[in-house]
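In order, the protein sequences belong to chains A and B. Residue numbering for the first sequence follows the numbering used here, beginning at 87 and increasing consecutively. Residue numbering for the second sequence follows the numbering used here, beginning at 87 and increasing consecutively. In this text, a Cβ means the ideal position worked out from N, Cα and C, and glycines have one as well. Owing to the predicted nature of the structure, the values given are computational and were not obtained by experimental measurement.
There are 2 protein chains.
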Amino acid sequence: MTEALAPFQRLEHQSVLFEDGLALDCGAVVMPLKVAYRTYGRLNAARSNAVLVCHALTGDQYVAERHPLTGKPGWWEAVVGPGKPIDTDRYFVICANVLGGCMGSSGPPEEMTDAEGRGLGRPWGTDFPSITIRDMVRAQKRLVDHLGIGRLLAVVGGSMGGMQVLEWAATYPEMMVAAAPIATASYHSAQNIAFHEVGRAAIHGDPDWKGGRYWEDGRIPAKGLSVARMVAHITYLSEAALTRKFGRKLRGASALTFLEDVFEVESYLRYQGSTFVRRFDANSYLTITRAMDYFDLASEHGGEVAAAFRGSPIRFLVTSFSSDWLFPTVESRALVRALNAAAANVSFIEIATDKGHDAFLLDEPVFHRALGGFLQGAAERAGV
Amino acid sequence: MTEALAPFQRLEHQSVLFEDGLALDCGAVVMPLKVAYRTYGRLNAARSNAVLVCHALTGDQYVAERHPLTGKPGWWEAVVGPGKPIDTDRYFVICANVLGGCMGSSGPPEEMTDAEGRGLGRPWGTDFPSITIRDMVRAQKRLVDHLGIGRLLAVVGGSMGGMQVLEWAATYPEMMVAAAPIATASYHSAQNIAFHEVGRAAIHGDPDWKGGRYWEDGRIPAKGLSVARMVAHITYLSEAALTRKFGRKLRGASALTFLEDVFEVESYLRYQGSTFVRRFDANSYLTITRAMDYFDLASEHGGEVAAAFRGSPIRFLVTSFSSDWLFPTVESRALVRALNAAAANVSFIEIATDKGHDAFLLDEPVFHRALGGFLQGAAERAGV
């Protein structure tokens, strides 16, 4: 491609190419299919110790190592690593950049291809087909096959990662021993769709988005994407967390000014927005938020979530966080009821915390002990 | 002014001009001060039956009559009118457009003046000084004086209107018999500031905002203001209300599309955004949201809310709504505790509803009976 490249497009990622492509729910085929991924730990001889980690909306495959773009620690180093709940001394951990993402898997910023898979010299942009959570999972399944793993010890993920866990369990129940959907739900709620729509409207409204063709002049819709990130970020935190972090603390003097940031929380949000645009693609954000909005397990299974899990051999651990208002405990309870109705093997924990949705990424010892113990139990039963 | 006028600037409003201007908390003086207002019902001979209604962020003085711009009913006709809780057969109801607003009171879209009050042939725009809720209340006080009313029977308002009620009670306790702050709090929370900041960032990011000078070419920052309205609108509803209204209902076919609105809730929000920009000024939105963010009664009274009300002769009715997450009941309870600590006369009701913050504007019979009874009691004690 000859156009200006965003920083995330200039990176080299470990990836695998599937020349035959991937047929999507919408009817289109992405050909070839590229899946970028990282692994941690060693696959044992029996190939029985693999744990697939599914990332959230703005996550990526760099789970437990320095991020190549930001230089920050991996997004789940609190949970994945030597001696951690997902113990890389014991398990072989796989994480793939989701289909539609912007860190090396097939997605809007990658080079567009024709029906025969020939490169067209421009990014997909908004011509990238609509995808679903199930499409993401199908792409991961190709990777798992490619790695020669017939059965995963566990599939684990939070938020949109949890949606993928549920879709994995519904679609490939024989390919996994255990499933840990965290801070998630069996559908995306009207309120969550609404918040996503605000973010999309902000991106669409940015003239630098240029109908999705912003690569043409090397500018990105930074303001729109930043606003999208700001509103999403609020939903990841609780009121208590925001208050503890910032309260009504003023920046510097308490002068009444019209334009400047006045409160600490404003500067923080603006900072969140401005750093995000350097590492994430606006068209990927549109694609992935839409995939989340489409997610509704019941509608894929005759209107009943339980039907997705009937006869499932999988052991489930469902986790919610008490102050999470994006995926509130009530939605996890509904999921647990459906799993029980399907006679599935399910445990449920609600972690008491005031950290909001983000708690699944943070230092939550009770959650970490529960997840670690759950995986250990699965490993023992599987003879790992 | 020679520039293109927005629809709300072409209206004629009933108003009063105070040539000596208004000194603001920030140190600036708005000269002259214009207060646009509407009244309903008749002032009795004793001038003792006046009820001041304070409007919310995007409300205006057209409480109980057809709106001159939208043609819709007044914003509080459920509550104000003949035989309604605020009974215009019995009370003389006053409502002023807030200082900083865009329906005729001094504010960003009005003509800018110099220190001597001479018109400068352009709107204030972002040169309008920073204002506070207390400044709004001081402007209303001038109107009440002008109307020859020494003591209001009650000051009533919801949301930002409730902030004004509290500020009235703290600043002019001898000028009112009763106060009904509704769906409000004694301070604006970090989360609410954060949501406001998203809206402001969306307006600032719209190139048509032009640093606030959008009147110069007759365009308005419609996309940014629309996004601001969309995110605010979500916070006015509850998840239950959104789900009841829209759930995950798709518009028309369930085709997977990239750009179009797919869910009903999206179309609704976009509609809310697009209609709002025709009736509201972006710079007013910036000014007023900032005034709300500054609001913190405790900080104005030595760090203690109770200090604002010590020895107050006013009777208070504090109302919250169970599903309001913008001004949750817990904040009303804190206010009630402070009023009790000040030995004030206070009643508190939490209305059970799933309609969210917007409930204060809607058909809520229990709330309406309580408010009507409260005013009637105040009127009887005041000999009205």
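Have a look at the options and flag the residue whose alpha-carbon is nearest the alpha-carbon of residue i.
i: Tyr273 of chain A; options: B:Phe366, B:Ser398, B:Lys335 and B:Pro171; result: B:Lys335
i: Met117 of chain B; options: B:Arg128, B:Phe104 and B:Ala438; result: B:Phe104
i: Arg171 of chain B; options: B:Asp292, B:Ala468, B:Asp213 and B:Ala150; result: Residue 171 of chain B is actually Pro in this sequence, not Arg. Checked all of B:Asp292, B:Ala468, B:Asp213 and B:Ala150; the closest Cα to Pro171 of chain B is B:Ala150.
i: Tyr126 of chain A; options: A:Thr329, A:Glu163, A:Phe349 and A:Ala92; result: A:Glu163
i: Tyr258 of chain A; options: A:Gly236, A:Ala429 and A:Ser385; result: A:Gly236
i: Asp440 of chain A; options: A:Ala131, A:Glu450 and A:Phe434; result: A:Glu450
i: Ser433 of chain A; options: A:Phe413, A:Pro159, A:Val121 and A:Phe460; result: A:Phe460
i: Lys331 of chain B; options: B:Ala318, B:Val251, B:Phe349 and B:Val391; result: B:Phe349
i: Tyr473 of chain B; options: B:Arg96, B:Met198 and B:Lys309; result: Residue coverage of chain B in this structure runs from 87 to 470, which leaves residue 473 of chain B outside it and unanswerable.
i: Leu447 of chain A; options: A:Val317, A:Ala280, A:Val166 and A:Gly113; result: A:Val166
i: Ser134 of chain A; options: A:Tyr354, A:Tyr371, A:Ala201 and A:Tyr177; result: A:Tyr177
i: Ser398 of chain A; options: A:Ala429, A:Thr199 and A:Tyr371; result: A:Ala429
i: Gln95 of chain A; options: A:Asp175, A:Trp301, A:Arg204 and A:Ala264; result: A:Trp301
i: Leu252 of chain A; options: A:Lys120, A:Leu403 and A:Leu143; result: A:Leu403
Kindly give me the distance between the Cβ atoms of residue i and residue j, rounded to whole angstroms, as I take these residues to be in contact under 8 angstroms.
i: Val471 of chain A; j: Leu108 of chain A; result: As displayed, chain A neither begins before 87 nor continues past 470, which places residue 471 of chain A out of reach and without an answer.
i: Asp146 of chain A; j: Gly187 of chain A; result: 7 angstroms
i: Ile289 of chain B; j: Ala368 of chain B; result: 5 angstroms
i: Ala445 of chain A; j: Asp410 of chain A; result: 7 angstroms
i: Met262 of chain B; j: Ala255 of chain B; result: 7 angstroms
i: Val139 of chain B; j: Gly243 of chain B; result: 6 angstroms
Express the C-alpha separation of residue j and residue i in angstroms, rounding to a whole number.
i: Ala393 of chain B; j: His387 of chain B; result: 6 angstroms
i: Ile217 of chain A; j: Val223 of chain B; result: 52 angstroms
i: Glu283 of chain A; j: Glu352 of chain B; result: 6 angstroms
i: Ser324 of chain B; j: Pro168 of chain A; result: 43 angstroms
i: Leu233 of chain B; j: Leu129 of chain B; result: 10 angstroms
i: Ala276 of chain A; j: His141 of chain A; result: 22 angstroms
i: Phe381 of chain A; j: Ala269 of chain A; result: 15 angstroms
i: Gly469 of chain A; j: Phe453 of chain A; result: 24 angstroms
i: Val317 of chain B; j: Glu260 of chain A; result: 42 angstroms
i: Asp375 of chain A; j: Arg365 of chain A; result: First, the amino acid is wrong: residue 375 of chain A is Thr here, not Asp. Using only the alpha carbons, I get a separation of about 16 angstroms.
i: Pro307 of chain A; j: Ser360 of chain A; result: 11 angstroms
i: Pro215 of chain B; j: Gly190 of chain A; result: 49 angstroms
i: Leu372 of chain B; j: His443 of chain A; result: 29 angstroms
i: Leu229 of chain A; j: Glu436 of chain A; result: 32 angstroms
i: Arg152 of chain A; j: Ala182 of chain B; result: 57 angstroms
i: Pro293 of chain A; j: Leu185 of chain A; result: 26 angstroms
i: Ala339 of chain A; j: Ala464 of chain A; result: Only weak support exists for where Ala339 of chain A lies, its pLDDT of 49 falling under 50; the value from the coordinates is given anyway. Distance between the alpha carbons of Ala339 of chain A and Ala464 of chain A: 56 angstroms.
i: Met246 of chain A; j: Gly205 of chain A; result: 30 angstroms
i: Ala131 of chain B; j: Ala314 of chain B; result: 45 angstroms
If you run the structure through DSSP and keep just helix, strand and coil, what is residue i?
i: Ala339 of chain B; result: The predicted model places Ala339 of chain B with a pLDDT of 49, which falls under 50 and marks its position as unreliable; any figure quoted below should be read in that light. Ala339 of chain B: coil per DSSP, three-state reduction.
i: Ala122 of chain A; result: strand
i: Ile437 of chain B; result: strand
i: Tyr177 of chain A; result: coil
i: Ser312 of chain B; result: helix
i: Glu89 of chain B; result: In this prediction, Glu89 of chain B has a pLDDT of 47, which is less than 50 and means its spatial position is unreliable; nothing more can be read from the coordinates.
i: Met198 of chain A; result: strand
i: Val165 of chain B; result: coil
i: Met262 of chain A; result: strand
i: Pro267 of chain A; result: strand
i: Gly502 of chain B; result: This structure gives no information on residue 502 of chain B, because the portion of chain B shown stretches from 87 to 470.
i: Arg305 of chain B; result: coil
i: Leu471 of chain B; result: Nothing can be reported for residue 471 of chain B: it is not among the residues displayed for chain B, which extend from 87 to 470.
i: Thr218 of chain A; result: coil
i: Asn135 of chain A; result: coil
i: Arg396 of chain B; result: coil
i: Arg401 of chain A; result: strand
i: Met249 of chain B; result: helix
i: Leu461 of chain B; result: helix
Bridge partners for residue i per DSSP, in chain order?
i: Ser406 of chain A; result: A:Glu436
i: Leu129 of chain B; result: DSSP lists no partner for Leu129 of chain B.
i: Ile172 of chain B; result: B:Val166
i: Tyr273 of chain B; result: B:Asp382
i: Ser101 of chain B; result: B:Ala122
i: Gly243 of chain A; result: A:Cys140 and A:Pro267
i: Val116 of chain A; result: A:Leu108
i: Ala182 of chain A; result: A:Tyr123
i: Leu238 of chain A; result: A:Met262
i: Asn431 of chain B; result: B:Arg401
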